[in-house]
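Residue numbers (our numbering), protein chains in the order written: chain A, 1 to 200; chain B, 201 to 400. As structure tokens, the structure follows; a few thoughts come after it.
Number of protein chains: 2
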Amino acid sequence: MGSEDKTFTTREKVLAAALQLFSAKGYLGATTKEIAKLAGIAEVTLFRQFSSKEQLFEEVLNTYSFLPKIKSLIPEIEKLPYEEALALIAMRFLETLKSRIEMIRIMQSEMSRYPEKIHKIYNSFLDGIIKTLALYFKSLQDAGALKEFNTEYAARAFMGMFYSFFSAQEILLGKKYRKADLELVVKEYVNIFAGGTVKK
Amino acid sequence: MGSEDKTFTTREKVLAAALQLFSAKGYLGATTKEIAKLAGIAEVTLFRQFSSKEQLFEEVLNTYSFLPKIKSLIPEIEKLPYEEALALIAMRFLETLKSRIEMIRIMQSEMSRYPEKIHKIYNSFLDGIIKTLALYFKSLQDAGALKEFNTEYAARAFMGMFYSFFSAQEILLGKKYRKADLELVVKEYVNIFAGGTVKK
DNA sequence: TTAAAATGTAAGTAAGCGCTTACATTTTAA
DNA sequence: TTAAAATGTAAGCGCTTACTTACATTTTAA
Numbered sequence: 001m002g003s004e005d006k007t008f009t010t011r012e013k014v015l016a017a018a019l020q021l022f023s024a025k026g027y028l029g030a031t032t033k034e035i036a037k038l039a040g041i042a043e044v045t046l047f048r049q050f051s052s053k054e055q056l057f058e059e060v061l062n063t064y065s066f067l068p069k070i071k072s073l074i075p076e077i078e079k080l081p082y083e084e085a086l087a088l089i090a091m092r093f094l095e096t097l098k099s100r101i102e103m104i105r106i107m108q109s110e111m112s113r114y115p116e117k118i119h120k121i122y123n124s125f126l127d128g129i130i131k132t133l134a135l136y137f138k139s140l141q142d143a144g145a146l147k148e149f150n151t152e153y154a155a156r157a158f159m160g161m162f163y164s165f166f167s168a169q170e171i172l173l174g175k176k177y178r179k180a181d182l183e184l185v186v187k188e189y190v191n192i193f194a195g196g197t198v199k200k
Numbered sequence: 201m202g203s204e205d206k207t208f209t210t211r212e213k214v215l216a217a218a219l220q221l222f223s224a225k226g227y228l229g230a231t232t233k234e235i236a237k238l239a240g241i242a243e244v245t246l247f248r249q250f251s252s253k254e255q256l257f258e259e260v261l262n263t264y265s266f267l268p269k270i271k272s273l274i275p276e277i278e279k280l281p282y283e284e285a286l287a288l289i290a291m292r293f294l295e296t297l298k299s300r301i302e303m304i305r306i307m308q309s310e311m312s313r314y315p316e317k318i319h320k321i322y323n324s325f326l327d328g329i330i331k332t333l334a335l336y337f338k339s340l341q342d343a344g345a346l347k348e349f350n351t352e353y354a355a356r357a358f359m360g361m362f363y364s365f366f367s368a369q370e371i372l373l374g375k376k377y378r379k380a381d382l383e384l385v386v387k388e389y390v391n392i393f394a395g396g397t398v399k400k
């Protein structure tokens, strides 16, 4: 059987349970009693690890907001044809969103509770990706392969298409799309975007 | 001075205040006391008009979820060149989102409270627009002006670009974009999308 | 082995919430 | 004008919540 190290600290168990419940029920809807129960500890222990529910919430944000490194994609991508590169970026982006779906749910619902903090997380999350993608476009423009256009707007448009697809599927509908459908959508979106940006 | 009829029923005042507070603070964060105060009535009156907070919330959803008629755009659009038509659709879509921003905020945060109901509202809101746009694409494809592509996916991609732009600007950042910036974004997005869909 | 650190059990506190009751006041309409 | 309908004031009830206190038990480490 699995021989992984499955020993979690109390703190980690609480943070994981809190992430799950804040995501599913919102900050006010998730109770400390319920979080403790899901974590498998006593409620009083939760308050010995975190001075308040509010501080626990902030620690959840801090703990699970580290950004994924899409930057590392660049070398992988530069060798691929344009459309394949875009498809790969899209797939990786969607995977990343999926792996962070609890955090995204929390950020969407608790925007009003921590505007600056959540805004900051969003920026560090999206801006990195968008700027990387914009640079990729710029390099292809300089090589004469792409039309002239505002690279950052284009990057935003590209990610926007897929973000709203993700949002509609996963957040709104809770649908699990079949892999074939997903690939079809990516192909169609990429096709339109590529057709609109390549130099003919 | 304005000579409009500004006489609102108690019910209307409560519904408007509830929309505002549910949107800003969420269902659990908005208290009936606060809603009544904002409406300028006594809390007990709120409970004489609505049997419970939950029923009030449902009535807010029912009252403010009627869909805008983008369908009426079609005749206006058919006479325009493709890119101008797309730009007009995008502008109208963004205006509609803006005018419904409170409802959109509520739907984003309270998805877990009323999954089926909110899902239904979203569908009647977006599906109408998407299907209308898909039909427009189909007619241009049949006329030989556009490439072959899945018209519904394309419509989703188009609205998705603008929805996520709206979401980033209005919901995330609370930014009021200058009109010039808005038009620039619409132009760039439309340009890319049009380039990827027209037959060369 | 043993002292200290971490966790559990149990009970409770203070505050806020949705909602109700009783009664006074105002508004509406025949 | 007057009865009925709508609204206000004030008090409070029952419940839940975040959080605390006191003490017993378990786990950790020198």
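Note that beta-carbon positions come from the ideal geometry of N, C-alpha and C, so glycine has one too. Every value quoted in this text rests on a predicted model; they were computed, and no experiment measured them.
Taking the straight line between their C-alpha atoms, what separation do you get for residue 229 of chain B and residue 14 of chain A? 24 angstroms
Nearest-angstrom Cα separation, counted from residue 177 of chain A out to residue 45 of chain A: 40 angstroms
message: Quick check on DSSP: helix, strand or coil for residue 346 of chain B?
response: strand
inquiry  = When you compare the CB positions of residue 309 of chain B and residue 109 of chain A, do they come within less than 7 angstroms of one another, or not?
reply    = yes
**Asked** Hey, how far is the Cα of residue 90 of chain A from the Cα of residue 253 of chain B?
**Response** 42 angstroms
*Alpha carbon to alpha carbon, what distance is there between residue 247 of chain B and residue 236 of chain B?*
10 angstroms
Practice item. Take residue 305 of chain B as the anchor and find which of A/103, A/40, A/111 has the nearest alpha-carbon. Key: A/111
Checklist line | C-beta contact flag for residue 64 of chain A and residue 19 of chain A at 7 angstroms | finding: yes
Worksheet item: Where do the N-terminal and C-terminal ends of the alpha helix (DSSP H) with residue 401 of chain B fall, by residue?
Response: As shown, chain B starts at 201 and ends at 400. That puts residue 401 of chain B outside it, with no answer to give.
Checklist entry - Between which two residues does the alpha helix (DSSP H) carrying residue 104 of chain A extend? => result 101 to 109
* Asked: Based on Cα-Cα distance, which residue from A/120, A/161, A/139, A/168 lies nearest to residue 321 of chain B?
  -> A/168
Open item on the list: Determine, for residue 483 of chain B, whether the minimum Cβ-Cβ distance to residues of chain A falls below 7 angstroms.
Closed with: Residue 483 of chain B is absent from the structure shown; chain B starts at 201 and stops at 400.
Practice task
Report the neighbours of residue 99 of chain A on chain B: residues whose CB is nearer than 8 angstroms to its CB, in chain order.
Solution key: Chain B residues near residue 99 of chain A: none, gap ~19 angstroms exceeds 8 angstroms.
- For residue 296 of chain B, which option in B/278, B/313, B/282, B/273 has the closest C-alpha, if you only look at C-alpha atoms? B/273
To be precise: take each residue of the region 343 to 367 of chain B, compare its Cβ to all Cβ atoms of chain A, and keep it if any distance is under 9 angstroms. Which residues remain?
347, 349, 350, 353, 354, 356, 357, 358, 359, 360, 361, 362, 363, 364, 365, 367
Among A/143, A/198, A/137, A/187, the one whose alpha carbon lies nearest that of residue 87 of chain A:
A/187
Taking 7 angstroms as the cut-off, decide whether the C-beta atoms of residue 361 of chain B and residue 154 of chain A are in contact. no
### Inter-residue Cα distance where the pair is residue 194 of chain A and residue 340 of chain B
20 angstroms
- Query: How about residue 399 of chain B and residue 331 of chain B: are their beta carbons less than 7 angstroms apart?
  - Reply: no
Determine the direct distance from the alpha carbon of residue 227 of chain B to that of residue 238 of chain B, and round the result to whole angstroms.
-> 15 angstroms
Determine, using beta carbons only, whether residue 392 of chain B and residue 196 of chain A come nearer to each other than 7 angstroms.
yes
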